[in-house]
Amino acid sequence: MDKRGVARTLRAISSLYALGHDEEKLALQYKKAADTIRRLPVHVQLGIDELQKQFHFEEPIRQTIELLLTKGRKAALLALPIDVPLSLLEIMELPGFGPKLTGRLYRTLHICSLRDLEIALNNGKIQFARILPESQLQQLPMEIYKLRQRNRAISIPTGREVAAVTIEHLHRTYPHLLRIEMTGSLRRMCPISTTIELLASWDGDTETLAQLQMNGFSIQHDTRTTNQMIESEFTAVTLTKEVEHDDRTFPLTVHLVSPESFALAWVLTTGDDAHAKFVHNRLNIDPQKQVASLRAQHEEEVYQLIDHPYLLPEMREQWGLHQEARKLLQEGQIKGDLHMHSRDSDGADPIEAMVQRCIEKGYTYLAITDHSQSLDIAHGLTVDRLLRQREEIAALREKYPQITILHGTEVDILADATLDFDDLILASLDFVVASIHTAMTQSANELTARLLYAIESPHVDIIGHPTGRMLGHRESYSVDFDRIFAAAEHNHIALELNCNPNRLDLDPIWLRQAMESHCLFAVDSDAHSVRDLERLTLYGSAIGRKGLLTPERVINTWELSHLLQWLATS
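The sequence shown begins at 191 in my numbering and counts up by one.
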């Protein structure tokens with residue numbers, strides 16, 4: 191568990207203790223510990239001994255952190271000596287449902303879970319008790335629905351981790367499952383999936399099928415792997431089950447196919463329904479091609495049989511059927527990373543380590559963009575610290591002449607629409623990313639005005655993570671994208687594809703719309719450690735292709751001279 195997960199759990203425990211009448215002290219201690227962990231400029235994998243030596247946590251908190259680091263969230267929560275249901279945490283994820291309101295619902299109406307809340311809402315108990323104002327009552331069904339959707343969300347790294355563990359388990363347990371691969375929306379690099387989908391070649395052993403069913407798998411039907419004209423030769427069984435991993439339950443789908451038809455099945459199960467229908471229709475034209483597709487050794491052969499260029503997995507959706515991947519962004523075209531943080535703010539590693547890794551990756555340039563002064567939670571740089579950082583970067587430029595180091599900032603766009611550094615400071619920097627980190631519950635008009643102010647600033651080069659989303663935790667805020675895209679294009683400001691896998695912001699849907707508006711883009715890691723610099727490799731080009739980004743529109747594919755000229759004139 192990383193530091194954000196630890197901090198989030200400690201804060202949740204603080205809320206649980208705040209529900210009681212006699213636990214205010216523990217609630218405050220857990221909240222303080224959560225804030226301490228959240229502010230750490232290093233990952234929590236340091237271990238409990240190092241943390242305890244540095245921060246001297248009270249014994250209950252020390253034990254909780256140790257359990258979080260060694261056994262996970264569920265074990266830590268179950269070990270708490272607490273007399274309220276842990277399921278109350280579900281309710282406190284709803285907007286406006288803090289410990290005070292949740293405690294009142296629990297003590298007055300015995301509401302212990304999200305399901306209890308839904309029942310009480312449907313049968314009128316909450317309305318009768320007059321605990322919630324009418325405006326909140328009206329919004330509650332939608333807020334419960336949105337919370338359930340967020341809880342179902344599976345990010346790419348989480349999904350891939352669960353898939354890898356599950357594949358290993360299936361290989362170990364069922365020797366008649368021969369080749370097992372990830373498929374479906376995870377393979378398509380969708381920012382969010384709702385199920386883990388696997389494809390397995392199977393030798394037809396019926397006992398294996400019986401064992402799978404005995405172990406909780408249910409047989410289902412999937413239209414993507416069924417074609418009535420060839421189903422006599424194309425044997426496909428789809429199984430579903432829920433699996434637990436890291437204290438969470440995930441829906442799992444496993445498609446079993448014959449080894450000979452694995453390539454065709456991988457093409458069909460990777461893509462969405464529109465893609466599968468497209469492939470089926472093309473094969474149905476010629477019975478000989480149908481039979482040949484069942485013997486294809488590789489996915490490329492399937493596309494050759496339907497007289498269609500090979501589609502990369504991330505493009506196997508309706509919008510991608512007629513796109514030419516070779517014209518879109520490729521990983522090798524990225525020449526630098528323009529958004530990263532060092533341990534000067536909330537990063538884990540020194541600037542020099544970030545520079546060294548960028549050199550190893552073959553980059554021509556990078557930008558150091560630590561947080562600005564108002565973002566206390568991220569240890570934002572004051573003007574004095576920013577100026578001291580400038581001196582360090584000057585020394586590093588002399589030490590590493592093979593790469594250009596731009597000195598920048600991720601400046602906060604404040605609630606009143608001003609920027610967190612004045613014009614004089616911003617003008618003195620090589621590079622400026624402007625982002626919203628606070629007051630994200632403002633109206634769409636207010637949030638739009640804040641972004642427009644930053645876009646129209648003569649000192650801002652990139653708008654960072656433009657919708658502010660945190661996948662599975664926080665929805666995108668609502669803004670007028672028509673105005674944002676038009677202003678960005680007019681002012682020659684780049685919009686970011688932030689490759690933090692918990693953001694992937696802008697979403698591919700908005701990237702495609704911004705492409706139509708002729709905007710510029712920056713595909714950035716938002717790295718907070720040397721390890722995070724791999725995000726461009728893991729996610730950048732694939733998500734960029736899903737957004738139909740072309741290299742000439744992505745500023746960090748440009749040669750250094752082109753980038754510097756743009757910075758001087760934009």
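For every residue, glycine included, the Cβ atom is placed at its ideal position computed from N, Cα and C.
Asked                                                                                                                                                                : Found
If you draw a straight line from the alpha carbon of residue 555 to that of residue 573, how long is it in whole angstroms?                                          : 24 Å
At which residue ranges does the region 675 to 736 contain complete beta strand (DSSP E) runs of 3 or more residues, listed in the order of the chain?               : 684 to 688 and 710 to 714
Mapping the DSSP letters down to three states, classify residue 541 as helix, strand or coil.                                                                        : helix
Whole beta strand (DSSP E) runs in the region 558 to 622 with 3 or more residues, listed along the chain?                                                            : 594 to 602
Check the C-beta distance from residue 447 over to residue 389 and give it rounded, since I have them as a contact under 8 Å.                                        : 7 Å
Does the count of Cβ pairs from the region 527 to 538 and the region 564 to 579 closer than 8 Å reach three?                                                         : yes
Going by other Cβ atoms of all chains shown within 10 Å of its Cβ, with 16 needed for buried, is residue 237 buried or exposed?                                      : exposed
Under DSSP, the alpha helix (DSSP H) around residue 748 begins and ends at which residues?                                                                           : Taken as a continuous stretch (DSSP letters only), residue 748 belongs to no alpha helix (DSSP H), as it is neither H nor E.
Closer than 8 Å is the cut-off here; do at least three beta carbon pairs connect the region 354 to 362 with the region 737 to 757?                                   : no
As a quick exercise: from 614, 621 and 323, pick the residue whose alpha carbon is nearest that of residue 754.                                                      : 621
How long is the line joining the alpha carbons of residue 492 and residue 711, rounded to whole angstroms?                                                           : 34 Å
Just verifying my parser: in three-state terms, what is the DSSP assignment at residue 664?                                                                          : strand
For residue 561, which residues of its own chain have a beta-carbon under 6 Å away from its beta-carbon, when the five flanking residues on both sides are left out? : 535, 568, 570 and 600
Please tell me whether residue 200 and residue 207 are closer than 8 Å, where the distance is taken between their beta carbons.                                      : no
Just the C-alpha distance for residue 510 and residue 340, rounded to the nearest angstrom, thanks.                                                                  : 26 Å
Taking its Cβ as the centre, do 16 or more other Cβ atoms sit within 10 Å of residue 317, making it buried, or is it exposed?                                        : exposed
Report the rounded CA-to-CA distance for residue 371 versus residue 428, giving the unit in angstroms.                                                               : 14 Å
Using 10 angstroms around the beta-carbon of residue 196, count the other beta-carbons present and answer buried if the total reaches 16, otherwise exposed.         : buried
Could you give the DSSP three-state label for residue 440: helix, strand or coil?                                                                                    : strand
Residue 239 to residue 220, Cα distance in whole Å?                                                                                                                  : 18 Å
Can you list, in chain order, the residues of its chain whose CB lies under 7 Å from that of residue 485, leaving out five sequence neighbours each side?            : 450
Check residue 198 in the structure and name its three-state DSSP category.                                                                                           : helix
Using only CA atoms, which one of 243, 255, 405 and 214 lies nearest to residue 223?                                                                                 : 255
Indicate the three-state DSSP secondary structure (helix, strand or coil) for residue 526 in the structure shown.                                                    : strand
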